[in-house]
Amino acid sequence: MIELRQLTKRYGDFTAVNAIDLTVPRGELFGFLGPNGAGKTTTLRLIAGILQPTSGSVRIGGTDLHADPRTAKAKLGFIPDRPFIYEKLTGSEFLRFVAGLYGQDGPQVEHRGRELLALFDLDEWRDELVESYSHGMRQKLIIASAFIHRPEVIVVDEPHVGLDPKSMKILRELFREYVNRGHTIMMSTHTLEVAEAMCDRIGIIAGGVIAACGTMQDLRAGAAEGGSLEQIFLRMTGENAARELVDVLNV
């Protein structure tokens, strides 16, 4: 599971993430939504250990990320919004490299890598250099690499960018099967329809704080007018701005 306690990140006088308390239990696919600049990516990078918090704590599978980063990160798979891959490696070599970072190698890793590449239609490209991969193929390889060491927790920042419809369907099924087996996913996305359809619970962050959190039923009950996730999201994060834009266009 993921546990955040008073998690805070400041840059000078600017507070990007402001004392967040959040628990994502085992067996849950949690959607993390918010407008640009709300603190979504910063929060996910804090969870992944890429950024250091100003204060507060992160626990991954019960392990404190600050006190024991090696153990905590071994339980985590991270899919960033802007993936970086060593272009002079083949797809198979890249998965082997990532598994090696977690101390895993041998026939089981090779078999798992072949399965993941085949799942995303990359098997025929496994021995080709990544520099020849399209953007969508690179995104699928990054997703595969997050699963190669069989982590307990997956943190995902905009997973659908660059994916074709078939790959998006495969990813949704993979995520659902993963949480059904008792693992945890925390996913940021701007695609509200995807979040509403996929996620067990949804958190909406605005201005560095959690503005709302719960199931769709909870969110509708907490919103004075109910409605779709898009309507709730806009009311939580800036419906007035959208209305002002309409007014401007009508001038």
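Just so you know, the sequence shown maps onto residues 3 to 253 in the numbering used here.
All residues carry an ideal CB built from backbone N, CA and C; glycine is no exception.
Bear in mind the structure is a predicted one, so any value in this text is a computation, not a measurement.
{"Asked": "Closer than 7 Å: His113 CB and nearest the ligand SAH heavy atom", "Found": "Although the ligand SAH was asked about, the structure shown includes no ligands whatsoever."}
{"Asked": "CB contact flag (Leu31, Gly93, <8 Å)", "Found": "no"}
{"Asked": "Start and end residues, alpha helix (DSSP H) containing Arg178", "Found": "Pro167 to Asn182"}
{"Asked": "Terminal residues of the beta strand (DSSP E) in which Met189 lies", "Found": "Thr186 to Ser190"}
{"Asked": "Residues near Asn20 by beta carbon distance below 7 Å, same chain, minus five either side", "Found": "Thr10, Gly210 and Val211"}
{"Asked": "Reduced DSSP secondary structure (H/G/I, E/B, other) of Asp107", "Found": "coil"}
{"Asked": "Assigned exposure category for Leu67 - 16 Cβ within 10 Å defines buried", "Found": "buried"}
{"Asked": "Three-state secondary structure (DSSP) of Glu5", "Found": "strand"}
{"Asked": "Beta-carbon spacing of Ser190, Asp159 below 8 Å", "Found": "yes"}
{"Asked": "Sufficient close CB pairs (3 or more, under 8 Å) joining the stretch 180 to 198 to the stretch 25 to 42", "Found": "yes"}
{"Asked": "Strand pairing of Leu119, partner residues [DSSP]", "Found": "Answer by DSSP bridge pairing: none, since Leu119 is not bridged."}
{"Asked": "Close-in-space but distant-in-sequence residues of the same chain around Ala197 (CB under 8 Å, 5 per side omitted)", "Found": "Gly33, Leu35, Met189, Thr191, Ile204 and Leu231"}
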